[in-house]
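Presented below is the structure to which this report refers.
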Amino acid sequence: MIPYGKHSISILDVFRVAKQMYFSSLTQGPKIKEFEELVAKYVGAKYAVAVSSGTAGLHLALMALELPIDSEVITTPISFVASSNAAIYNNLKPKFLDIDPETLSISNKLVIEEIEKNRKVSAVIPVHFAGFATDISDIWRISNTKKIKIVEDAAHALGAKYPSGESVGCCKYSDATVFSLHPVKTITSGEGGIITTNSEDLYKKLCSLRTHGINQSSKYENTLLSKTLDNTNLWYYEMKWLGFHYRMTEIQAVLGISQLKKINKFVKKRRKLSKFYLKALNNCNPLSVYPDIDSIENSACHLLILRINFAKLNISKNNFMLELRKRKIGSQVHYKPIPLNPYYSTLGYDVDSLPEAMAYYHQALSIPLFPKLTMRKAKKITTTINKMCINYENKF
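Quick note: the sequence shown uses this note's numbering, first residue 10, plus one each step.
This is the structure in structure tokens:
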């Protein structure tokens with residue numbers, strides 16, 4: 010079976026992790042800091058904070074911004090549930106706006122209109138969907154005038170660049186950016202995430218919140234308990250906020266460092282495969298491929314998404330996926346609109362105002378894309394899909 014996504018671990022990655030496990034610390038050591046500094050340098054941000062997952066990163070980023078309770082956070086319905094769940098974790102209300110059918114990311118036009126008319130909005134979480142950087146410069150400009158915060162969900166986009174050329178994660182257009190290090194992402198640390206920011210205050214608070222809200226410096230509030238004469242007590246610490254145990258381990262950091270050395274190679278292979286898919290499937294009806302070929306050079310190419318008119322083929326999406334599976338080709342759907350989940354339905358959310366998201370959902374299908382995918386297997390995938398589309402179209 011060819012999976013839709015897969016990690017790319019080398020023997021050298023394994024050796025470095027094994028060496029760390031046998032000879033060095035397993036948690037709260039220097040490798041985490043090293044990894045953070047390397048990521049910050051790679052994306053062009055001042056600071057980076059490693060955490061246990063991308064979801065944890067979104068949770069803490071919103072928490073550290075101290076947004077008003079029950080205020081609204083604009084985000085896209087086409088994303089993993091973590092994007093909006095993070096708002097709810099912080100007693101905030103997700104506000105879903107429809108997608109742009111061309112970019113598949115949230116419609117900038119709708120975001121700006123909502124910010125202009127809705128005083129309840131305190132933040133925006135744009136999602137760099139499928140590894141393609143959405144241009145959020147206009148959103149950033151208007152958000153600044155209204156003191157609205159921006160946290161970029163860049164789970165798919167480590168290695169991507171904005172149309173203006175800066176790396177996603179530099180935080181030129183946001184207060185913070187959050188990456189995922191899940192095994193199917195650009196690089197992996199097993200599980201894990203990382204937050205980048207240019208704010209020193211936000212950085213310090215994030216470092217504390219990921220470790221139970223414990224003060225990370227020697228400037229303690231209780232001078233009586235923290236010192237004996239003029240010396241700081243060696244055992245002393247203070248919990249300043251109600252934080253969480255969202256730390257990354259040294260083992261994960263070492264794997265992340267090892268993977269980061271290969272990120273350019275990984276992204277280059279993803280782009281090569283994406284270009285091949287676009288050319289090989291370009292004339293297949295009734296099917297279109299996201300993205301367009303001109304946008305690939307700035308993308309991390311996390312996903313390759315087909316939009317298939319299943320009704321025209323007279324086959325359901327599920328049966329199409331089952332037919333691919335019979336031919337040992339995995340596929341997936343990214344994503345079901347978040348408001349369709351039962352939890353969100355019970356909160357009163359629906360998809361009535363999301364026609365583009367629903368149209369996309371009915372057609373979307375992700376096919377295999379990962380660095381270790383060979384061109385021979387990629388050719389098998391495109392040949393199979395082309396034949397299936399022709400056969401089903403001619404059948405009816």
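Don't be surprised by glycine CBs; every beta carbon is placed ideally from N, CA and C. Predicted model, so just to flag it, every value in this text is computed and none were measured.
TODO: Quickly, what does DSSP pair F188 with across the bridge? List them, please.
DONE: According to DSSP, F188 bridges with I203.
Handout entry: Three-state secondary structure (DSSP) of H165
Key = Of the three classes helix, strand and coil, the one that applies to H165 here is coil, per DSSP.
How many angstroms separate the CA atom of Y171 from the CA atom of L333?
For Y171 and L333, the distance between alpha carbons rounds to 34 Å.
To the nearest whole angstrom, what separates the beta carbons of A132 and A262, a pair I think is in contact under 8 Å?
29 Å between Cβ atoms; not a contact.
The stretch 214 to 233 contacting the stretch 193 to 203, beta-carbon criterion three pairs below 8 Å:
At 8 Å Cβ cutoff, the stretches do not touch.
- Could you name the residues of the same chain whose beta carbon sits closer than 7 Å to that of S304, not counting the 5 residues immediately before and after it, in chain order? Answer for S304: F141, listed in chain order.
Alpha carbon to alpha carbon, how far is K55 from I124? Give it in angstroms, no decimals. A direct Cα-to-Cα measurement between I124 and K55 gives close to 28 Å.
### Task
Would you identify the three-state DSSP class for K277, choosing helix, strand or coil?
Of the three classes helix, strand and coil, the one that applies to K277 here is helix, per DSSP.
By DSSP, does E434 sit in helix, in strand, or in coil? Look at the range of the chain in this structure, 10 to 405, and you will see that residue 434 is not part of it.
Please report the distance separating the alpha-carbon of L290 from that of D109. When rounded, the distance between both Cα atoms is 23 Å.
Buried versus exposed, by CB contacts within 10 Å (16 or more), A27: When all chains shown are included, A27 counts as exposed.
From S114 to K249, what does the alpha carbon distance come to, in whole angstroms? Taking C-alpha positions only, S114 is separated from K249 by approximately 37 Å.
* Strand pairing of F407, partner residues [DSSP] -> This structure does not reach residue 407, given that the chain is present from 10 up to 405, and the question cannot be answered.
Original post:
Under three-state DSSP, which class holds T383?
Top reply: If DSSP states are grouped into helix, strand and coil, T383 belongs with coil.
**Asked** In this structure, does DSSP put Q341 in helix, strand or coil?
**Response** Here Q341 sits in strand by DSSP.
Exercise for the section: State the Cα-Cα distance for the pair K396 and N292, rounded to the nearest angstrom. Expected result: Rounded to whole angstroms, K396 to N292 spans 12 Å at the Cα level.
Worksheet item: On the three-state DSSP scale, how would you describe T112?
Response: T112 carries a coil assignment under DSSP once its states are collapsed to helix, strand and coil.
Would you say V82 and V130 are within 9 Å of each other, going by their C-beta atoms? Yes, the Cβ-Cβ distance between V82 and V130 is below 9 Å.
Between the stretch 94 to 112 and the stretch 355 to 375, do three or more beta carbon pairs fall short of 8 Å? Result yes; three or more Cβ-Cβ pairs closer than 8 Å.
Exercise for review: Go through its chain and collect everything with a Cβ distance to L282's Cβ below 7 Å, but skip five positions before and after it.
Suggested key: For L282, the CB contacts under 7 Å within the same chain, skipping 5 residues up- and downstream, are L378, L382 and A387 in chain order.
Q) Taking P12 as the reference, which of L211, L313, L269 and D359 has the closest Cα? A) Comparing Cα-Cα distances from P12 to each of L211, L313, L269 and D359, the minimum goes to L313.
Margin query: Looking at the strands, I want to know which residues DSSP matches up with V133.
Written below: According to DSSP, which records beta bridges pairwise, V133 is partnered with I83 and I159.
Just to confirm before moving on: does the CB-CB distance between V342 and L349 stay below 9 Å?
In this structure, L349 does not lie closer than 9 Å to V342 by Cβ.
Practice problem: With distances taken Cα to Cα, identify the nearest neighbour of C310 among P380, I204 and L374. | Solution: Per the Cα distances, P380.
TODO: Report all residues from its chain with a CB closer than 6 Å to the CB of G168; omit the five preceding and five following residues, and keep chain order.
DONE: By the criterion of a C-beta distance shorter than 6 Å, G168 is surrounded in its chain by T195, I272, V276 and A309, once the five residues flanking it on both sides are discounted.
DSSP three-state assignment for Y369, whether helix, strand or coil = Residue state, collapsed to three classes: helix.
Is it buried or exposed, T36, if we count other Cβ atoms within 10 angstroms and call 16 or more buried? It is exposed - the Cβ of T36 has fewer than 16 other Cβ atoms within 10 Å.
Starting from A57, follow its DSSP beta bridges and name the residues at the other end. Looking at the DSSP assignment, A57 forms a beta bridge with T205.
Closest Cα partner of C398 within the set L374, E75, L296 and N307: Comparing Cα-Cα distances from C398 to each of L374, E75, L296 and N307, the minimum goes to L296.
Output the boundary residues of the alpha helix (DSSP H) element that contains S34. Per DSSP, S34 belongs to no alpha helix (DSSP H) and is neither H nor E.
| said: Quick check on the burial criterion: 16 or more other C-beta atoms within 10 angstroms. Buried or exposed for S325? | reply: Exposed: under 16 other Cβ atoms inside 10 Å.
Measuring CB atoms only, is the stretch 92 to 102 touching the stretch 67 to 77, in the sense that at least three cross pairs come out at less than 8 Å? In the pairwise beta carbon analysis, the stretch 92 to 102 is classified as touching the stretch 67 to 77: at least three pairs are separated by under 8 Å.
What number of angstroms, rounded off, separates the C-alpha of F255 from the C-alpha of N400? In the sequence under discussion, the amino acid at residue 255 is Tyr, which differs from the Phe named in the question. Using only the alpha carbons, I get a separation of about 50 Å.
Determine the contact status of S19 and I347, defining contact as a CB-CB distance below 9 Å.
-> No, the pair does not count as a contact, with Cβ atoms beyond the cut-off.
| query | In the structure shown, what three-state DSSP assignment does Y353 receive? | reply | Correct three-state label for Y353: helix.
Got a sec? Which residues, its chain only, sit under 6 Å from K321 by beta carbon, not counting five neighbours each side? Once the five neighbours on either side are set aside, the close Cβ partners of K321 are P295.
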